[in-house]
Amino acid sequence: MQVIYLDNNATTKVDEAVFEEMKPYFCELYGNPSSMHYFGGQVQSKTTEARKRVADLLGASPDEIIFTACGTESDNTAIRSALEVLPDRRHIITSRVEHPAVLTQCRNLTAKGYRVTEIGVDGAGRLDMDEYKKAIDDDTAIVSFMWANNETGVIFPVEEAAAIAKANGALFHTDAVQAVGKIPINMAASKIDMLSLSGHKLHAPKGIGALYVRKGTPFRPLMVGGHQEKSRRAGTENAAAIIALGKACQLAGQFMEAENTTVKAKCNHLEKELLAAIPHARINGGGADRLPNTTSIAFEFVEGEAILLLLSELGICASSGSACTSGSLEPSHVLRAMGVPFTCAHGSIRFSLSRYTTDAEIDAVIKELPAIIARLRQMSPFGREFLK
Ligand code: PLP
Numbered sequence: 002m003q004v005i006y007l008d009n010n011a012t013t014k015v016d017e018a019v020f021e022e023m024k025p026y027f028c029e030l031y032g033n034p035s036s037m038h039y040f041g042g043q044v045q046s047k048t049t050e051a052r053k054r055v056a057d058l059l060g061a062s063p064d065e066i067i068f069t070a071c072g073t074e075s076d077n078t079a080i081r082s083a084l085e086v087l088p089d090r091r092h093i094i095t096s097r098v099e100h101p102a103v104l105t106q107c108r109n110l111t112a113k114g115y116r117v118t119e120i121g122v123d124g125a126g127r128l129d130m131d132e133y134k135k136a137i138d139d140d141t142a143i144v145s146f147m148w149a150n151n152e153t154g155v156i157f158p159v160e161e162a163a164a165i166a167k168a169n170g171a172l173f174h175t176d177a178v179q180a181v182g183k184i185p186i187n188m189a190a191s192k193i194d195m196l197s198l199s200g201h202k203l204h205a206p207k208g209i210g211a212l213y214v215r216k217g218t219p220f221r222p223l224m225v226g227g228h229q230e231k232s233r234r235a236g237t238e239n240a241a242a243i244i245a246l247g248k249a250c251q252l253a254g255q256f257m258e259a260e261n262t263t264v265k266a267k268c269n270h271l272e273k274e275l276l277a278a279i280p281h282a283r284i285n286g287g288g289a290d291r292l293p294n295t296t297s298i299a300f301e302f303v304e305g306e307a308i309l310l311l312l313s314e315l316g317i318c319a320s321s322g323s324a325c326t327s328g329s330l331e332p333s334h335v336l337r338a339m340g341v342p343f344t345c346a347h348g349s350i351r352f353s354l355s356r357y358t359t360d361a362e363i364d365a366v367i368k369e370l371p372a373i374i375a376r377l378r379q380m381s382p383f384g385r386e387f388l389k
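All residue numbers for the sequence shown refer to our numbering, where the first residue is 2 and numbers rise by one.
Here is the structure:
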């Protein structure tokens with residue numbers, strides 16, 4: 002069965018060129034980049050190049066990049082560091098729609114005596130900036146808002162939010178795991194102190210991430226031990242993956258325009274055709290500024306999991322808005338924060354495209370999905386009742 006992969010916000014295919022770039026660093030050039038000898042030095046010159054490539058994509062300087070194991074580690078490091086460098090401040094601000102890598106950590110910190118404010122969003126998923134301005138005070142150590150939401154693709158005004166944090170003496174971190182490689186980012190013209198990214202969201206392998214830390218920002222490492230990453234992240238470098246991330250960032254820069262034209266056009270086409278063909282459907286976050294590759298569509302009176310299973314039988318991979326990782330059928334915290342009615346939240350499906358997505362794949366979804374939704378609605382007494 003041919004796979005139609007429309008779940009790129011979950012993870013992406015490793016680009017062939019990225020794979021080629023990293024391959025020699027397993028069995029041939031396997032030296033430790035921190036070693037003094039020539040063999041390790043060869044690896045180090047490639048990881049140095051990779052650091053520059055990552056920095057270039059962000060408009061940053063290479064020494065502002067710290068390699069980590071994943072987006073989650075970068076998020077955890079940034080928040081923990083801010084709390085350590087500003088010990089007199091005991092307040093954390095984040096949003097209700099963050100990824101668990103931020104949200105769970107912030108909630109856990111309440112047990113350590115921190116005050117946590119989770120800023121809400123409106124019906125389109127837009128951050129409530131008035132609530133944020135009221136919440137921030139001279140006790141706030143760190144503000145952490147995601148750049149773009151993984152479920153809806155809604156983009157937050159992080160630059161404006163960072164300026165407000167700075168004016169209040171707080172540090173500002175953004176989880177840009179879904180934004181990097183999809184929309185232009187220029188840290189040189191920004192007030193953001195720290196930014197997290199993850200390789201496997203932009204065609205590098207899983208298990209590599211990075212944390213941008215602005216030059217001059219006080220910082221405390223999460224991982225201590227060796228002197229790798231200038232003592233900012235101990236642990237022998239995952240050299241092959243670092244080299245892969247560098248290549249992936251270089252390619253993301255080259256494809257940035259296509260992402261915002263070609264990929265965006267495919268995503269818009271998918272939305273338009275599905276809304277035209279399927280009654281009682283709506284875009285979660287429609288009307289808000291969104292990532293070019295992401296659409297979350299609510300189909301009323303059906304279960305998202307049922308849609309996914311039937312799509313999966315056809316080789317079509319998407320994701321449910323109600324990611325029931327815990328086995329519960331609770332709709333996602335993101336859709337709940339947006340006030341999406343239960344009947345819509347339960348039937349929400351996220352399609353996330355990439356530069357590999359073809360027109361034929363989009364057409365296949367447009368062809369198959371209306372019949373799937375109609376069939377499921379017919380099978381459900383609830384659906385039949387409402388759609389009478
Ligand atoms: N933040 C966001 C917005 C994400 O979408 C993800 C992954 O889905 C993460 C953080 C975690 O990244 P990683 O899987 O690299 O730990």
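Cβ atoms here follow ideal geometry from the backbone N, Cα and C, with glycine treated the same way.
Residues that DSSP places opposite residue i in a beta bridge
| i | result |
| --- | --- |
| T344 | Its beta-bridge partners do not exist; DSSP assigns none. |
| L128 | V122 |
| I143 | I93 and L172 |
| M339 | Answer by DSSP bridge pairing: none, since M339 is not bridged. |
| R351 | S297 and S320 |
| G210 | T69 and S199 |
| R116 | H92 |
| A149 | I156 |
| Y6 | C318 |
Check whether residue i and residue j have beta carbons under 8 angstroms apart
| i | j | result |
| --- | --- | --- |
| C345 | I5 | no |
| H92 | D131 | no |
| A136 | I94 | yes |
| V214 | G72 | no |
| N150 | V86 | no |
| S381 | V303 | yes |
| A253 | I67 | no |
| D360 | K273 | no |
| G41 | N187 | no |
| V181 | L58 | yes |
| A56 | K248 | no |
| L320 | D89 | According to the sequence provided, residue 320 is Ser. The question's Leu does not apply to it. It is not a contact, given that the beta carbons lie outside the stated cut-off. |
| P219 | S232 | no |
| A83 | L172 | yes |
Candidates the options: closest to residue i by CA position
| i | options | result |
| --- | --- | --- |
| V159 | S355, N169, L196 and K368 | L196 |
| I367 | L336, L271 and N109 | L271 |
| K207 | L246, V181 and N187 | L246 |
| V225 | T78, A299, A277 and S35 | T78 |
| C250 | L84, K183, S353 and Y115 | K183 |
| E331 | P34, N294 and F343 | F343 |
| A162 | T153, G154, F256 and S145 | S145 |
| I165 | K192, F157 and L315 | K192 |
| E230 | M23, K273, T48 and K14 | T48 |
| T262 | L7, L311 and R356 | R356 |
| P101 | S75, P88 and L312 | S75 |
| P63 | K24, K216 and T175 | K216 |
| T175 | L336, L276 and D194 | D194 |
heavy atom of the ligand PLP below 7 angstroms from residue i C-beta
| i | result |
| --- | --- |
| Q106 | no |
| G254 | no |
| V159 | no |
| V178 | yes |
| S355 | no |
| G210 | yes |
| G72 | yes |
| M147 | yes |
| A102 | yes |
| S420 | Coverage of the chain is limited to positions 2 through 389, which leaves residue 420 absent and any answer about it impossible. |
Whole-number beta carbon distance between residue j and residue i, since they are thought to touch under 8 angstroms
| i | j | result |
| --- | --- | --- |
| G288 | I350 | In fact, because the Cβ distance is near 19 angstroms, the residues do not count as touching under 8 angstroms. |
| A299 | V122 | About 16 angstroms separates the two Cβ atoms, so there is no contact after all. |
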